[in-house]
Amino acid sequence: MIDGHVTALRKRAARDATALRLIALAPPAVILFLRAPGTAWPYALAVVTAALACALVFAELRGRGPIFEALVPALLMLLFAPPEAAPWQLALALSLALVLGALVFGGAGFGFLSIGALALALLAFSFPPLVPMVPASPVLWAALPGGVLLLLAGLAPWRVVLAGAAGFALAAGQEGLGFAQAAPLAVLLVYFAADPFGAPVTGPGQWMSGLMVGGLIALLGAPGGPGFDMSAGVFAVLLAGLFAPLIDAGVIAVADWREGVRHG
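Next comes the structure, spelled out in structure tokens:
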């Protein structure tokens, strides 16, 4: 009975989070369609079809309703996909990410990785010339108000975002954070690193994860350069995500130990 109640709460939270995240991603998607309709429409058709197909197949297998949260990584992939990619390549990478990173675990709320980052990483691994790209400035700026909405709604842990910016600044050192890097770094931290289903759930864990992401972006990329290295950002998010369950477990273990010492 308790397990069923927890599962129902997770599903309801996933639906609410999906709705707000889609609202947040709608403005940059509209700007992208207006600026590059020739590539945006085929890409959108490919990723949305792949997302809904995977979600509906797993919904049928599990006897549950459609899993519309698959549309969130589909939109993220649409925004950050390289323009030279073929639509079928995007669909394949997204399908693998959804199945391996979320659906086999039961969907959003049950996995531990940012599916958007995983999809972009699989695209780069599967087709090496293709790397995640930073979209045009109007698209990025259109994504920032939605990021603020997610922060205010508690769907993007603010500790991860703040710690990520601090970690990048500390690791970059004198290179610093250029103006051309500020917006893409903010979007990456809010929509990928602070994924509500991929980031740690404990406060200290969120600080540690954010510092890890920011530091890895600076170490893997090229701080102070003319642009932002989105590939470094994606892989930094994935590496930190792999450690998220361990970080949370460590934080909880330390808290339990301190509680035991206090009452022992």
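Sequential numbering of the sequence shown, starting at 597, is according to my numbering.
No residue lacks a Cβ here, since even glycine has one placed at the ideal position from N, Cα and C.
Since this is a predicted model, take the numbers as computed values, not measurements.
Check your understanding: Which stretch, first to last residue, makes up the alpha helix (DSSP H) that contains V668?
Key -> 667–676
| request: Take the Cβ of P731 as the centre, count every other Cβ of all protein chains shown within 10 Å, and call the residue buried at 16 or more, exposed below. | output: buried
Q) Out of L690, L628, L630, L616, which has the shortest C-alpha to C-alpha gap to A646? A) L690
Discussion item. Looking at L641: is its Cβ nearer than 8 Å to the Cβ of A666?
Written reply: no
In whole angstroms, what is the alpha-carbon distance linking S722 and W853? 44 Å
- Task: Only counting runs of 4 or more residues, tell me where the alpha helix (DSSP H) segments fall wholly within the stretch 782–819, in order along the chain.
- Result: 799–816
Fill in: For L842, three-class secondary structure by DSSP
helix
field: CB-CB length for G763 against G806, believed under 8 Å
entry: 6 Å
Roughly how many angstroms lie between the CA atoms of S710 and V857, to the nearest whole one? 36 Å
Mind checking D844: buried by the 16 CB within 10 Å criterion, or exposed?
-> buried
What did DSSP end up calling M729 once you bin it into helix, strand or coil? coil
Next on the checklist: Comparing C-alpha positions only, which one of G760, V643, A768, G801 sits nearest to V783?
Outcome noted: G760
Chain-order list of residues whose beta-carbon lies under 8 Å from that of G638 (same chain, five-residue window excluded)
For the sequence presented, residue 638 should be read as Pro rather than Gly. Excluding sequence neighbours, P638 sits near P683.
C-alpha gap between T798 and F788, whole angstroms = 17 Å
Are L747 and W754 close, meaning C-beta to C-beta below 8 Å? yes
query = Is the beta carbon of A717 less than 8 Å from the beta carbon of L834?
reply = yes
**Asked** Under 8 Å between the Cβ atoms of V850 and Q802?
**Response** no
Indicate the three-state DSSP secondary structure (helix, strand or coil) for H859 in the structure shown. helix
Margin query: Assuming F764 is part of the alpha helix (DSSP H), what are its boundary residues?
Written below: 754–768
Neighbourhood of D599 by C-beta, 7 Å cutoff - its chain only, sequence neighbours within 5 removed = Residue placement at D599 cannot be trusted, given a pLDDT of 43 that sits under 50; what the coordinates show is reported in the next sentence. So no residue of the chain qualifies.
Could you check whether A713 and V809 sit closer than 8 Å to each other, using their CB atoms as the reference points? no
query = Under the three-state reduction of DSSP, which class applies to F723: helix, strand or coil?
reply = coil
Separation of A739 from A620, as counted between CA atoms:
7 Å
_Please return the same chain residues whose Cβ sits closer than 6 Å to the Cβ of R617, not counting the five positions on each side in sequence._
V668
| said: To the nearest angstrom, how far is the alpha carbon of V695 from that of M826? | reply: 23 Å
Would you report the Cα separation of L758 and L781, rounded to the nearest angstrom?
11 Å
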